[in-house]
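In structure tokens form, the structure reads like this:
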């Protein structure tokens with residue numbers, strides 16, 4: 001088996017046989033395979049034999065690089081049919097197998113075998129059979145034997161097996177119902193109206209109370225002023241008179257608050273009865 005490189009450059013093919021363990025390829029004449037290609041480097045690549053029928057290619061830091069089957073390869077194992085691109089040159093890696101000469105089959109002459117001669121067998125002659133003479137025999141009656149009752153072996157009777165206790169069914173745990181959350185029934189139209197009425201009444205009372213307190217305070221001050229003018233009090237707007245007016249207004253405000261609480265309690269009682 002020989003290894004060859006088929007070089008294709010400018011539509012010209014050249015076959016070069018690889019016989020060395022290391023074969024260098026490049027533009028320089030010092031290489032084993034010289035390429036007349038300006039795109040190839042002086043020392044472009046080399047083919048290394050690894051063993052019988054095993055080769056690899058290694059690039060020698062060339063300018064344009066080395067490609068195997070169109071892919072850049074710094075080092076690559078070569079198989080028959082791989083196309084190596086070196087510059088513009090295409091190198092096809094091939095194995096040239098020398099066919100072996102066909103061997104001629106050995107001539108075989110068959111010799112006729114001698115067939116054994118057939119010897120006739122002697123004819124069969126029947127022999128006369130002896131005549132059968134019956135001998136008289138005296139008949140003897142069979143002897144009677146006493147009948148014995150046979151008892152079966154102990155292993156014949158089946159032994160009573162103890163009854164296995166059946167497993168008792170375990171009571172299943174009872175599922176306790178979970179209490180459902182109580183949902184308050186929706187308010188009826190009447191309850192909504194009563195609530196709105198109570199809110200309106202509360203707002204009116206608050207407004208009236210605020211107004212009444214203001215009126216009471218102003219009225220108290222005016223009353224004190226008028227009384228001071230009528231009475232021989234000099235001066236009439238004194239600290240004592242102002243404190244009396246404030247205390248009187250506070251007492252009236254407390255009374256108004258008590259009245260408001262009583263009114264609200266009376267309004268809530270009918271609502272509680274309706275809810276019941």
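Residue numbers (my numbering): 1 to 276.
Quick reminder that beta carbons are idealized off the backbone N, C-alpha and C, glycines included.
Helix, strand or coil, according to DSSP, for residue 210 in the structure here? The residue labelled residue 210 in the question sits at position 210 within the chain shown. It is helical.
Cut-off 6 Å between Cβ atoms - residues of its own chain near residue 67, not counting five sequence neighbours on either side: Your numbering for residue 67 matches position 67 in the chain shown. Excluding its 5 nearest sequence neighbours in each direction, residue 67 has C-beta neighbours in its own chain below 6 Å: 85, listed in chain order.
Inter-residue spacing [alpha-carbon to alpha-carbon] between residue 190 and residue 197: For this step, residue 190 is matched to residue 190 along the chain shown. For this step, residue 197 is matched to residue 197 along the chain shown. Roughly 11 Å between the two C-alpha positions.
Taking Cβ positions, are residue 45 and residue 35 nearer each other than 8 Å? Here the question's residue 45 lines up with position 45 in the chain shown. Here the question's residue 35 lines up with position 35 in the chain shown. No, the Cβ-Cβ distance between residue 45 and residue 35 is not below 8 Å.
Cβ-Cβ distance between residue 18 and residue 9 below 8 Å: What you label residue 18 is simply residue 18 of the chain shown in a count that begins at 1. What you label residue 9 is simply residue 9 of the chain shown in a count that begins at 1. In this structure, residue 18 keeps its C-beta atom at 8 Å or more from the C-beta atom of residue 9.
How big is the Cα-Cα spacing for residue 264 and residue 203? Residue 264 sits at position 264 when you count from the first residue of the chain shown. Residue 203 sits at position 203 when you count from the first residue of the chain shown. Our two residues, residue 264 and residue 203, have alpha carbons roughly 11 Å apart in a direct line.
Given a cut-off of 8 Å, decide if residue 260 and residue 205 are closer than it, judged by their beta-carbon atoms. For this step, residue 205 is matched to residue 205 along the chain shown. For this step, residue 260 is matched to residue 260 along the chain shown. Yes, they are a contact pair.
Going by alpha carbons, who is nearest to residue 15 out of 94, 74, 77? Position 15 of the chain shown, counting from 1, holds the residue named residue 15. Nearest C-alpha to residue 15 among 94, 74, 77: 94.
Among the residues of its own chain, which have a CB less than 8 Å from the CB of residue 110, if the five just before and after it don't count? Locating residue 110 in the chain shown gives position 110, where the first residue counts as 1. Note that residue 110 has pLDDT 43, beneath the 50 cutoff, so the model's placement of it is unreliable and no number is given.
Residue 51 - DSSP class collapsed to helix/strand/coil: Here the question's residue 51 lines up with position 51 in the chain shown. Three-state result, residue 51: strand.
DSSP state of residue 191, grouped into three classes? Within the chain shown, residue 191 is the residue found at index 191, counting from 1. The three-state reading of DSSP puts residue 191 in helix, counting H, G and I together.
Any idea if residue 23 is buried or exposed, counting beta-carbon neighbours within 10 angstroms, 16 or more meaning buried? Residue 23 sits at position 23 when you count from the first residue of the chain shown. Counting the other CB atoms within 10 Å of its CB gives residue 23 a total of 16 or more, which places it among the buried residues.
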